[in-house]
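Numbering (the numbering used here), first residue to last: 158 to 581. Ideal Cβ positions, reconstructed from N, Cα and C, are used throughout, including at glycine. Quantities reported herein were computed from a predicted structural model and do not represent experimental measurements. Heads up, the thing below is written out as structure tokens.
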Ligand code: PLP
């Protein structure tokens with residue numbers, strides 16, 4: 158029987174991943190063990206409900222797996238509560254909104270064009286369609302979140318929910334300041350730490366857990382797990398609306414969040430992905446991961462410095478985390494042109510709006526780069542100069558396909574003999 162073409166295409170994708178320099182800030186390479194759990198018989202199991210309280214028989218084993226995943230992520234983030242069932246970061250946020258808001262309620266989020274995520278109130282997303290939105294952004298001069306303007310908008314709008322966290326913001330976040338404002342206006346505070354989750358878990362960045370009512374994350378970015386989402390709370394609390402259980406007891410937020418995931422927004426959990434999450438969480442608790450995540454930040458800072466030295470304009474002037482936004486307006490190149498040319502050279506990144514962008518989201522004035530994936534492949538600070546040189550050679554010869562092809566050869570040589578995943 159002929160092999161299904163899908164397996165040939167998977168090999169092609171593996172080659173692409175092996176040959177290129179992966180700088181998409183939201184991507185990473187998972188370990189063989191994470192992959193093993195994901196491609197296991199756990200995918201065969203239906204397990205609607207939660208450990209010990211399922212709507213299907215035969216859940217004794219997956220109950221243990223899901224409980225281990227919950228315990229590990231709680232240990233990783235010092236959280237009292239975790240739900241590991243959300244299929245993605247967007248699903249995690251959808252469940253939080255269902256738990257905390259009614260249609261038409263107000264949310265205050267980080268402007269998408271300043272670094273926020275679609276699910277933080279964009280008009281093309283369910284969050285912007287279902288709730289009344291307002292936004293905060295960054296200061297034009299510093300490129301950092303304008304906390305004063307955020308507080309003023311919160312006072313004027315009185316949102317029920319404030320969302321902090323970002324998809325393209327290279328600086329740390331002052332969660333205590335956000336909480337002060339949330340308390341002042343009577344809002345709940347959600348931190349979506351999808352991007353810097355691994356850095357937060359290992360204490361490199363500020364910890365949202367003591368300040369934010371609820372914390373969501375994806376599991377596949379700096380956390381280096383399978384694609385998925387998680388909802389956490391540093392401390393469970395009585396729901397502020399006085400909702401009661403059938404027995405007349407006040408419902409805890411954990412009960413409301415669990416119900417918002419299942420049956421609120423999802424059906425059967427992906428137990429193969431939950432198993433893979435558990436494996437990745439154990440890896441993230443290890444000394445090897447600690448070395449890895451420290452290296453991610455060293456690489457990010459080194460890459461930003463090398464690019465600044467070549468005259469590139471990094472929003473906010475540098476980075477505290479794994480990513481950076483490059484404003485290409487001073488180079489006369491659009492984000493779309495840069496992304497396309499870099500892809501030809503097998504350097505993968507994504508075009509991205511920059512704050513106060515004058516171009517559309519399909520063109521953009523910038524690109525976003527991140528070092529989580531290349532660090533998994535074993536690159537260190539000294540390699541970042543080479544990466545910056547290769548990027549610069551492409552962008553300075555953006556219309557010269559011949560030169561770009563020679564850069565692709567250099568990229569392939571540079572990445573040869575580096576496995577997709579190197580355990581530190
Ligand atoms: N939240 C933030 C801050 C993100 O950056 C992302 C993904 O890029 C998400 C949520 C959504 O995650 P997913 O793509 O898993 O739905």
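Close-in-space but distant-in-sequence residues of the same chain around residue i (CB under 7 Å, 5 per side omitted)
i: residue 453; result: 379, 479, 528, 529 and 532
i: residue 459; result: 538 and 541
i: residue 492; result: 485, 508, 509, 520, 521, 522, 523 and 524
i: residue 249; result: 243, 373, 386, 387 and 388
i: residue 393; result: 237, 238, 409, 410 and 411
i: residue 535; result: 575 and 579
i: residue 314; result: 263, 265 and 291
i: residue 308; result: 338
i: residue 163; result: none
i: residue 395; result: 407 and 409
i: residue 545; result: 460, 463, 464 and 467
i: residue 569; result: 176 and 503
i: residue 333; result: 368
Residue burial classification, residue i (beta-carbon count within 10 angstroms, cutoff 16)
i: residue 503; result: buried
i: residue 341; result: exposed
i: residue 259; result: exposed
i: residue 149; result: Because the chain is modelled from 158 through 581, residue 149 falls outside the range shown and cannot be assessed.
i: residue 402; result: exposed
i: residue 517; result: exposed
i: residue 477; result: buried
i: residue 169; result: exposed
i: residue 400; result: exposed
i: residue 466; result: exposed
i: residue 221; result: exposed
i: residue 335; result: buried
i: residue 358; result: buried
i: residue 197; result: exposed
i: residue 201; result: exposed
i: residue 172; result: exposed
i: residue 298; result: exposed
Contacting residues, own chain, Cβ-Cβ under 6 Å from residue i (five flanking each side not counted)
i: residue 325; result: 272, 482, 509 and 525
i: residue 362; result: 329, 353 and 356
i: residue 581; result: Because residue 581 sits at a pLDDT of 48, beneath the cut-off of 50, its placement in the model cannot be relied upon, and the following sentence gives the value as read from the coordinates. These residues qualify, in order along the chain: 445, 448 and 449.
i: residue 203; result: 213 and 425
i: residue 300; result: 472 and 473
i: residue 175; result: none
i: residue 182; result: 480, 525 and 527
i: residue 277; result: 266, 267 and 320
i: residue 211; result: 204
i: residue 262; result: 288 and 317
i: residue 501; result: 561
i: residue 470; result: 484 and 487
i: residue 375; result: 246, 351 and 386
i: residue 184; result: 530
i: residue 550; result: 564
Beta-carbon gap between residue i and residue j smaller than 8 Å
i: residue 561; j: residue 463; result: no
i: residue 417; j: residue 255; result: yes
i: residue 377; j: residue 194; result: no
i: residue 187; j: residue 578; result: yes
i: residue 555; j: residue 490; result: yes
i: residue 177; j: residue 505; result: yes
i: residue 387; j: residue 365; result: no
i: residue 166; j: residue 432; result: no
i: residue 218; j: residue 434; result: no
i: residue 438; j: residue 226; result: yes
i: residue 190; j: residue 436; result: yes
i: residue 269; j: residue 279; result: yes
Same chain, Cβ closer than 8 Å to residue i, five either side skipped, listed in chain order
i: residue 345; result: 257, 317, 318, 319, 339, 370, 371 and 397
i: residue 303; result: 293, 294, 295 and 296
i: residue 310; result: 265, 291, 292 and 293
i: residue 558; result: 501
i: residue 281; result: 275
i: residue 192; result: 433
Whole-Å CB distance - residue i paired with residue j, under 8 Å assumed
i: residue 243; j: residue 224; result: Incorrect: roughly 17 Å between the Cβ atoms, too far for contact.
i: residue 442; j: residue 233; result: 6 Å
i: residue 252; j: residue 422; result: 5 Å
i: residue 245; j: residue 384; result: 7 Å
i: residue 389; j: residue 230; result: 7 Å
i: residue 567; j: residue 547; result: 6 Å
i: residue 367; j: residue 391; result: 6 Å
i: residue 475; j: residue 461; result: 5 Å
i: residue 322; j: residue 348; result: 5 Å
| Sequence ranges, beta strand (DSSP E) only - wholly within the stretch 357 to 423, length at least 3 | 371 to 375 and 386 to 390
| task | Can you check the stretch 432 to 500 for any alpha helix (DSSP H) of at least 4 residues that lies completely inside it and give the ranges in chain order? | result | 444 to 466
| task | Starting from the N-terminal side, write out each stretch of the beta strand (DSSP E) that is 3 residues or longer and does not extend beyond the stretch 268 to 297. | result | 289 to 293
| message | Could you tell me which whole beta strand (DSSP E) segments of length 3 or greater appear in the stretch 515 to 554? | response | 523 to 527
| query | Of all the alpha helix (DSSP H) runs that stay within the bounds of the stretch 191 to 242, which reach a length of 4 or more residues? | reply | 217 to 234
| task | Run through the stretch 303 to 331 for me and flag every whole alpha helix (DSSP H) of 4 or more residues, listed as ranges in chain order. | result | 304 to 314
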